[in-house]
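For this note's numbering, count along the sequence shown from 1 and bump the result up by 19.
Idealized CB from N, CA, C, for every residue including glycine.
Nothing here was measured: the structure is a model prediction, and the numbers come from that model.
Comments concern the structure below.
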Amino acid sequence: MNKNFIPFCVAKSIYDLPLTFYHKHHIKTVFVDLDNTLDAYNKLNPSSRAINLVNNFKKEKINVIIVSNNKLSRVRPYASKLDVPFLNSLRKPLLYKMRRFLKKEKIKIDEAILIGDQLITDILFANRLKMKNVLVAKLVKEDQWTTKINRLFDKRRYKKLQKQQLLVSWEEK
Ligand SMILES: [Mg+2]
20 MNKNFIPFCV AKSIYDLPLT FYHKHHIKTV FVDLDNTLDA YNKLNPSSRA
70 INLVNNFKKE KINVIIVSNN KLSRVRPYAS KLDVPFLNSL RKPLLYKMRR
120 FLKKEKIKID EAILIGDQLI TDILFANRLK MKNVLVAKLV KEDQWTTKIN
170 RLFDKRRYKK LQKQQLLVSW EEK
């Protein structure tokens, strides 16, 4: 098993993670996947809980940045309603765009975390960056067709990780 597929920890949902979790790990920047992590892929506007979540981060002076493989026309309207920065068409798990961004924004890797619902994109991506990460369960069953292909891969990996007891709950971190 490639170690880069092992998440730092797991949670049912981003909405289950309390702010104390981020404080405990000295997090100043939260990179968040959009589709099926913050909201369902077909939900064009942020839900009230997404709005609340982002507002709570802002109150605590924690930066939230949306990191999505989806296209500009999907990500920009959603992110602008939350008034948060975003990176679209990121091609996770490829790193070049992200590395450029981290350098430009002077973001320290050990003060950042990534939350996402896919091993092959989000978790692999974060681990390659040596960034902490949380694997969350996808919010809804339906996926975009491109994601469906990744899911087949993810399912197998996930079962292996489970069997080898490599999935640690956020509460234990
Ligand atoms: Mg996703």
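Quiz prompt | Spatial distance of K149 from K127 (CA atoms) | solution = Rounded to the nearest angstrom, the gap between the Cα atoms of K149 and K127 is 11 Å.
Quiz item: Excluding the five sequence neighbours on either side, which residues of its own chain have a C-beta within less than 6 Å of the C-beta of I25, listed in chain order?
Solution: L185
Practice problem: Below 8 Å on the Cβ atoms is my guess for W189 versus A30; work out the distance and round it to an integer in Å. | Solution: 5 Å
Quiz item: Among L138, E124 and K160, which has the Cα closest to the Cα of I84?
Solution: Per the Cα distances, E124.
Practice problem: Put A131 into one of helix, strand or coil per three-state DSSP. | Solution: strand
Quiz item: Measuring CA to CA, which of D129, D136, D141 and N82 is closest to K111?
Solution: D141
Exercise. Would you mind working out which of R170, M117, S67 and L180 sits nearest S108, comparing C-alpha positions?
Key: M117
Self-check item: Bridge partners - N152, DSSP secondary structure assignment
Solution: L133
Quiz item: If you draw a straight line from the C-alpha of Y97 to the C-alpha of L57, how long is it?
Solution: 10 Å
Quiz item: Of all the options P104, E79 and K157, which has the alpha carbon lying nearest to the alpha carbon of K174?
Solution: Closest option to K174, Cα to Cα, is K157.
Quiz prompt | Test item, CB below 6 Å from any non-hydrogen atom of ligand 1 | solution = D52, D54, N55, T56, G135, D136 and Q137
Quiz item: How big is the Cα-Cα spacing for K80 and P104?
Solution: Their backbone Cα atoms lie some 14 Å apart in a straight line.
Quiz item: Which first and last residues belong to the beta strand (DSSP E) in which N82 is found?
Solution: N82 to V86
Quiz prompt | Simplified DSSP state of V49, which is helix, strand or coil | solution = strand
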